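Under UniProt numbering, think of the first position of the sequence shown as 1, with each following residue one higher. Working notes for the structure below.
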Amino acid sequence: MSAIMNPYLSFRDQAADALRFYQGIFGGDVETTTFGDGSMSTDPAEVDKVMHGQLTSGAGFVLMASDTPAAMGVPSGSAITLSLSGDDDAVLTGWWDALTADGTVVLPLDVAPWGDRFGMCTDRYGIDWMVSIARADAA
1 MSAIMNPYLS FRDQAADALR FYQGIFGGDV ETTTFGDGSM STDPAEVDKV
51 MHGQLTSGAG FVLMASDTPA AMGVPSGSAI TLSLSGDDDA VLTGWWDALT
101 ADGTVVLPLD VAPWGDRFGM CTDRYGIDWM VSIARADAA
């Protein structure tokens, strides 16, 4: 059996902006379907909102996102944190810098007790992230 788990982010009306923001960080291609495209709403305030959006990054991972119709509540708070990890210091540090721009650093990206560089942040859209960069001598 083969399976893939993809994070699916919910927004009130910022899914398109957020996907473009993440595309600017991670590269890749964004595809979106609006509520109007999917004939899921005739409300003029909702037809251009994202019913389903997907960023397939150049690094091989997928982020999905959608806007939430006015009739539905937007999930608030989160028990989920997106985690990025790898050994390419320059790439992961660049992602960290972009995610923290106009965001909040929760734990600065620095050497952790286990030897890797590790940091936690919340981006401008309220999404929580962890970045872990393997130490150079880890193999």
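We put the beta carbon where it would ideally sit given N, CA and C, even for glycine. All of these numbers come straight from a predicted model, not from anything done at the bench.
> Touching or not, the segment 87-106 and the segment 116-123, by the rule of three or more beta carbon pairs under 8 Å?
Replying inline: yes
> Do you know offhand how far Asp17's Cα is from Leu107's?
Replying inline: Along the sequence shown, read from residue 1 onward, the residue named residue 17 stands at position 17. Along the sequence shown, read from residue 1 onward, the residue named residue 107 stands at position 107. The straight-line gap from Cα to Cα measures roughly 25 Å.
> Between Thr33 and the rest of its own chain, which residues show a CB-CB distance below 7 Å, the 5 nearest in sequence each way excluded?
Replying inline: For the purposes of this step, residue 33 is taken as the residue at position 33 of the sequence shown. Contacts found: Met51, His52.
>> Let me confirm a value: Val80 is counted as buried when at least 16 other C-beta atoms fall within 10 Å, else exposed. Which label applies?
In response: The residue given as residue 80 occupies position 80 in the sequence shown. Correcting the residue type first, residue 80 is Ile in the shown sequence and not Val. Answer is exposed; the Cβ neighbour count stays below 16.
> Residues in its own chain within less than 6 Å of Met130 by CB, not counting five upstream and five downstream?
Replying inline: Here residue 130 is taken as the residue at index 130 of the sequence shown, counted from 1. The answer, listed in chain order, is Thr81, Ser83, Met120.
> Can you name the residues that DSSP bridges to Glu31?
Replying inline: Counting from 1 along the sequence shown, the entry for residue 31 is found at position 31. Glu31 pairs with Gln54.
> Any idea if Glu46 is buried or exposed, counting beta-carbon neighbours within 10 angstroms, 16 or more meaning buried?
Replying inline: Position 46 of the sequence shown, counting from 1, holds the residue named residue 46. Label assigned to Glu46: buried.
>> For Thr104 and Thr56, what's the separation of their Cα atoms in angstroms?
In response: Here residue 104 corresponds to residue number 104 of the sequence shown, with the count starting at 1. Here residue 56 corresponds to residue number 56 of the sequence shown, with the count starting at 1. Going from the Cα of Thr104 to the Cα of Thr56 covers about 25 Å.
> Straight-line CA distance for Ser85 to Trp96?
Replying inline: As a working note, residue 85 is residue 85 in the sequence shown. As a working note, residue 96 is residue 96 in the sequence shown. Straight-line Cα distance between these residues: approximately 11 Å.
>> With a threshold of 6 Å on Cβ separation, who are the neighbours of Leu99 within its own chain once the five nearest residues in sequence on each side are excluded?
In response: Position 99 of the sequence shown, counted from the start, is the residue given in the question as residue 99. The answer, listed in chain order, is Cys121, Asp123, Trp129.
> Looking only at its own chain, which residues have a Cβ that is under 7 Å from the Cβ of Arg135, when we skip the five neighbours before and after it?
Replying inline: Along the sequence shown, read from residue 1 onward, the residue named residue 135 stands at position 135. Excluding residues within five positions, the ones whose Cβ falls inside 7 Å are Gly115, Asp116.
>> Going by DSSP in three states, Arg117 sits in which element: helix, strand or coil?
In response: Position 117 of the sequence shown, counted from the start, is the residue given in the question as residue 117. The DSSP-derived three-state label of Arg117 is strand.
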